[in-house]
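*Asks:* For what it's worth, the working numbering labels the leading residue of the sequence shown as 7, then goes sequentially.
Glycine included, every Cβ here is placed at the ideal spot set by N, Cα and C.
Pasting a structure here, questions to come.
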Amino acid sequence: MQVVLKYGTTGIPVEIEPTPGFLGVIEPSEPPAVADPTGAVARSLAEPIASRPLAEIARGRGSACVVISDSTRPVPNPVLLPPILETLESAGVPREGITILVATGMHRPSTPEERERLVGREILSRYPVVDHRSRDAAELRRVGTLEGGVPVLLNRRYLDAELKVLTGFIEPHMWAGYSGGR
């Protein structure tokens, strides 16, 4: 019997040999697609589960750093960012105090074309969109030390922001099981 594990755009087919007592594969039901994804994000920010609304958290803050995944992750940033940025501004965070930080990790910096695809032309023209550069000591600040003397360095723009908003997703990872969350 063949089962397709969800991975990438096509999945990974796996052949399973039924054993005594094998009853079959339980498939989850697929929920219907959300008709208005951006609206759903806006509603989730206004009425979150087990958290205060983003606008309430942002009120009175002079700066915010919105962290997004780089182009190696298929996060729908053009769906997520407009309601996040609108919420921040409507809560009083000045536009000039908002930075979008591309979480490149150890990956190379994004190209101008990739940044435009990541956030969309309009957002790119209105907000600074900067790459995290893990190899540039001037962009990092030491925040601690791990066992064995390993320094913990974080991005200065992120640390300096009064409010940090992180986005991301969870996916199967070919080497690490599942990746995601931050």
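Assuming residue 85 and residue 43 make a contact with CB atoms under 8 Å, what is their CB distance in whole Å?
*Replies:* With 8 Å as the limit, residue 85 and residue 43 qualify as a contact, their Cβ atoms being about 5 Å apart.
*Asks:* Just curious, the beta strand (DSSP E) that residue 21 is in, first and last residue?
*Replies:* From DSSP, the beta strand (DSSP E) with residue 21 extends over 18-21.
*Asks:* Given that a residue counts as buried once 16 or more other Cβ atoms are within 10 Å of its Cβ, and exposed if not, what is residue 164?
*Replies:* Buried, because 16 or more other Cβ atoms sit within 10 Å of the Cβ of residue 164.
*Asks:* By Cβ distance below 8 Å, which residues in the same chain neighbour residue 82 in space, the five residues on each side in sequence not counted?
*Replies:* Around residue 82: 43.
*Asks:* Return the chain-ordered ranges of every beta strand (DSSP E) run that is complete within the segment 77-163 and spans a minimum of 3 residues.
*Replies:* Those beta strand (DSSP E) runs which fall completely within the segment 77-163 and span 3+ residues are 104-109, 135-137, 146-151, 157-161.
*Asks:* Using CA atoms only, rank isn't needed, just tell me which of 110, 20, 10, 168 is closest to residue 138.
*Replies:* That would be 110, whose Cα lies nearest to the Cα of residue 138.
*Asks:* Is DSSP giving residue 7 helix, strand or coil here?
*Replies:* Residue 7 falls in the coil class under three-state DSSP.
*Asks:* Near residue 7, which residues of its chain fall below 7 Å by C-beta distance, leaving aside the five closest residues on each side in sequence?
*Replies:* The residues are 22, 24.
*Asks:* Three Cβ pairs or more, each shorter than 8 Å: is that satisfied between the segment 179-186 and the segment 87-101?
*Replies:* Too few Cβ pairs lie closer than 8 Å, so no.
*Asks:* Quick check: the segment 124-142 against the segment 32-42, are there 3 or more CB pairs under 8 Å?
*Replies:* The segment 124-142, when compared against the segment 32-42, does not touch it at the 8 Å Cβ threshold.
*Asks:* Just curious, the alpha helix (DSSP H) that residue 60 is in, first and last residue?
*Replies:* First-last of the alpha helix (DSSP H) with residue 60: 60-64.
*Asks:* Quick check on the DSSP output: the beta strand (DSSP E) that includes residue 75 runs from which residue to which?
*Replies:* Here the beta strand (DSSP E) through residue 75 covers 70-75.
*Asks:* Please name the residue or residues paired with residue 177 in a DSSP beta bridge.
*Replies:* Answer by DSSP bridge pairing, in chain order: 185.
*Asks:* Report back the beta-carbon spacing between residue 99 and residue 67 to the nearest angstrom; my notes put them in contact at under 8 Å.
*Replies:* With a Cβ gap of about 5 Å, residue 99 and residue 67 count as contacting.
*Asks:* DSSP three-state call for residue 40: helix, strand or coil?
*Replies:* In this structure, residue 40 counts as coil in the three-state DSSP scheme.
*Asks:* Take residue 108 as the anchor and find which of 136, 15, 45, 30 has the nearest alpha-carbon.
*Replies:* Nearest option by C-alpha distance: 136.
*Asks:* Select from 94, 45, 158 the residue whose C-alpha is nearest the C-alpha of residue 62.
*Replies:* Per the Cα distances, 94.
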